[in-house]
Amino acid sequence: MPPKGSKGKRKATSPPPSGASSKQSKHSGQDTASKKPEIHVPLDEGFPAAAGSKVFVDEDGTIYDASMNQSQVAKNNNKFYRLQLLKGSKEHHVHTRWGRVGEFGYGSDGSRWDGSQLTLPSQVKTMGFSDLHDALKEFNKKFKDKSGLTWDDRAEQPKKGIYTFLEKNYDDDDDDVPSDVKEENDEESKDLVESKLPKQTQRLMELIFNESHFNSVLENIGYNNEKLPLGKLGKSTIQKGFEHLQELSSLIRHPSLAQNKHHISQREALEDFTNQYYSVIPHVFGRNRPPIIDNNDILTREVAMLDTLTDMEVANAIMKTSSERHKDADSVAQIDKRFEQLKLSECEPLDGKSAEYQALKNYLINTAGHTHNIRYRLQDIFRIQRVGEDDRFEKSKYSSIKDKNRRLLWHGSRTTNFGELTLTLTLTLNPNPKRGQTSSTIAGVRNTLG
Numbered sequence: 001m002p003p004k005g006s007k008g009k010r011k012a013t014s015p016p017p018s019g020a021s022s023k024q025s026k027h028s029g030q031d032t033a034s035k036k037p038e039i040h041v042p043l044d045e046g047f048p049a050a051a052g053s054k055v056f057v058d059e060d061g062t063i064y065d066a067s068m069n070q071s072q073v074a075k076n077n078n079k080f081y082r083l084q085l086l087k088g089s090k091e092h093h094v095h096t097r098w099g100r101v102g103e104f105g106y107g108s109d110g111s112r113w114d115g116s117q118l119t120l121p122s123q124v125k126t127m128g129f130s131d132l133h134d135a136l137k138e139f140n141k142k143f144k145d146k147s148g149l150t151w152d153d154r155a156e157q158p159k160k161g162i163y164t165f166l167e168k169n170y171d172d173d174d175d176d177v178p179s180d181v182k183e184e185n186d187e188e189s190k191d192l193v194e195s196k197l198p199k200q201t202q203r204l205m206e207l208i209f210n211e212s213h214f215n216s217v218l219e220n221i222g223y224n225n226e227k228l229p230l231g232k233l234g235k236s237t238i239q240k241g242f243e244h245l246q247e248l249s250s251l252i253r254h255p256s257l258a259q260n261k262h263h264i265s266q267r268e269a270l271e272d273f274t275n276q277y278y279s280v281i282p283h284v285f286g287r288n289r290p291p292i293i294d295n296n297d298i299l300t301r302e303v304a305m306l307d308t309l310t311d312m313e314v315a316n317a318i319m320k321t322s323s324e325r326h327k328d329a330d331s332v333a334q335i336d337k338r339f340e341q342l343k344l345s346e347c348e349p350l351d352g353k354s355a356e357y358q359a360l361k362n363y364l365i366n367t368a369g370h371t372h373n374i375r376y377r378l379q380d381i382f383r384i385q386r387v388g389e390d391d392r393f394e395k396s397k398y399s400s401i402k403d404k405n406r407r408l409l410w411h412g413s414r415t416t417n418f419g420e421l422t423l424t425l426t427l428t429l430n431p432n433p434k435r436g437q438t439s440s441t442i443a444g445v446r447n448t449l450g
């Protein structure tokens, strides 16, 4: 039986990485402990860890870990609230920490936990309970006080003007392992087994699954993956962000929509949806007022950021799946396992001296738009075929087109998106003359020469 205070009427499991709502996960059973390996939920960094304390997960697989966020442009609010129910061998705790997004938090008790001792002021409060039922009751109370919703209803529409609950991704079990340790472990595992892939393909895989590169791309567009205290955002949270940006895009393009649809001025509507967007997608603004998303430049930047976050989810899923499928296959290199998950029937690096390589190189170099101010340096070209691609094409309406006068279609994409793309691709390097930096670019060519 679950502890007292847990409503059986609308029992909701913790939001799964797939992005399903709590109600959906209840029926699918994706989050139940009986069907999934134990999920490791890191203790909040502000908790002075007691031996044996763990984030409480009940019999239904519900994870009692809540990350909430609130942004109100007019009031210069941009703050987070962290709430955890921690189960110990003798004592249980309800732990809270709050503050401005990107900061550790400040508070009334005049102390800060730095991992070894309490030092600077922080908004950290931890309450101890001998009875788990009492701790659960306090957890539920605090969640409702901050969000306006019961814990069981946490996936419902957020209340305006207070905290928004954020679904998180609990897939990874090493979130609290320092990144330098992870990289060291990765390097060690790489050296154990030699890859059977061509060197060019190995370089490509290292680029696709380079976590440091993902984080660098995010920082370049304003998202600090290290400073944000809210953990990894789940797919449904990112999807909500896209929905708010779509509404903002419509309001920017059609100002009359604010009055006709929302019965308020355009400025009020833009501010309202900006608040909702920043509340589900945390941003670090320091002590500055969050800017209203009221023009296409800001909007485009935010869309690019969410695209990158989505791409990271895909890359992480591929890496996780490759690890699970080869748990006992010590004879397979890690990079080869990840390549397998791309589901390619062909990925052949072209010989740099071949006619096909030279023809594509000439197309790339000689047809670049003069207005783009870009000079390409070609590194590798791959001929790529997805599994089942020929069959899908033959079954489509396009296979019966009589006119065979086909053209090459060039397609550029962020390198972070490449895990999702399985076209014939050209990997190039694009120097940025304004910043003196070098950024990786993927260009793809659909169809074939001739």
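Quick note on UniProt numbering: the sequence shown kicks off at 1 and runs consecutively.
Ideal placement from N, C-alpha and C gives every residue a C-beta, glycine not left out.
Cβ neighbour criterion (16 or more within 10 Å) applied to residue i
i, result
"Q84", "buried"
"E59", "exposed"
"T371", "exposed"
"F393", "exposed"
"P290", "buried"
"H263", "exposed"
"Q70", "buried"
"T119", "Residue placement at T119 is poorly supported in this model, since its pLDDT is 43, which falls under 50; the coordinates are not used for a value here."
"V57", "buried"
"R267", "exposed"
"R375", "exposed"
"H254", "exposed"
"K343", "exposed"
"I365", "exposed"
"Y163", "buried"
"S400", "exposed"
Per-residue DSSP class, three states only, for residue i
i, result
"D311", "helix"
"P387", "The sequence as given places Val at residue 387; Pro does not occur at that position. Coil."
"D134", "helix"
"L83", "strand"
"T62", "coil"
"S236", "helix"
"F143", "helix"
"L149", "coil"
"T371", "helix"
"F165", "strand"
"S250", "helix"
"G241", "helix"
"K361", "helix"
"S67", "strand"
"Q259", "helix"
"R154", "coil"
"I381", "strand"
"S345", "strand"
"R97", "strand"
"N215", "helix"
"residue 506", "Outside the displayed span of the chain (1 to 450) sits residue 506, for which this structure offers no information."
"V57", "strand"
"D175", "Confidence at D175 is low in this model, with a pLDDT of 46, below 50, so the placement of that residue is unreliable and no value is reported for it."
Spatially closest choice to residue i from the options, by CA coordinates
i, options, result
"A66", "D152, T274 and E59", "D152"
"G61", "I39, Q70, P48 and R82", "I39"
"F382", "I374, Y363, A368 and Y357", "Y357"
"K235", "T308, D294, F214 and T300", "T308"
"T310", "V217, V57 and E247", "V217"
"H92", "V193, R154, K137 and P255", "K137"
"E206", "Q334, Q70, N296 and T367", "Q334"
"Y64", "F104, L132, A74 and L197", "L132"
"N196", "S400, A355 and F339", "With the sequence shown as reference, residue 196 is identified as Lys, and Asn is not the correct amino acid for it. Ranking S400, A355 and F339 by Cα distance to K196 puts F339 first."
"K125", "D44, L299, L245 and A355", "D44"
"F139", "E194, K343 and H95", "H95"
"D294", "L360, Q200 and E247", "E247"
"F165", "K240, E194 and R203", "K240"
"M127", "P48, T150 and I238", "P48"
"D351", "A74, P198 and S265", "P198"
"L204", "S265, K79, I292 and D336", "D336"
"F80", "F104, G88 and S89", "F104"
Cβ separation of residue i and residue j, assumed to be a contact under 8 Å, to the nearest whole Å
i, j, result
"N275", "Q72", "5 Å"
"R97", "R82", "5 Å"
"F242", "L306", "6 Å"
"L86", "K168", "With 8 Å as the limit, L86 and K168 do not qualify as a contact, their Cβ atoms being about 17 Å apart."
"G102", "V284", "3 Å"
"F143", "A135", "The Cβ separation is near 13 Å, so there is no contact."
"L257", "L270", "With 8 Å as the limit, L257 and L270 do not qualify as a contact, their Cβ atoms being about 11 Å apart."
"Y170", "V41", "6 Å"
"L299", "S354", "With a Cβ gap of about 43 Å, L299 and S354 do not count as contacting."
"K361", "L378", "5 Å"
Any C-beta of chain E under 8 Å from that of residue i
i, result
"I381", "This model lacks chain E altogether; it includes just one protein chain."
Q: Specify whether the stretch 152 to 170 and the stretch 276 to 285 touch according to this definition: at least 3 beta carbon pairs, one from each stretch, less than 8 Å apart.
A: In the pairwise beta carbon analysis, the stretch 152 to 170 is classified as touching the stretch 276 to 285: at least three pairs are separated by under 8 Å.
Q) Three or more C-beta pairs closer than 8 Å, one from the stretch 374 to 388 and one from the stretch 329 to 348: is that the case here? A) The stretch 374 to 388 vs the stretch 329 to 348: in contact.
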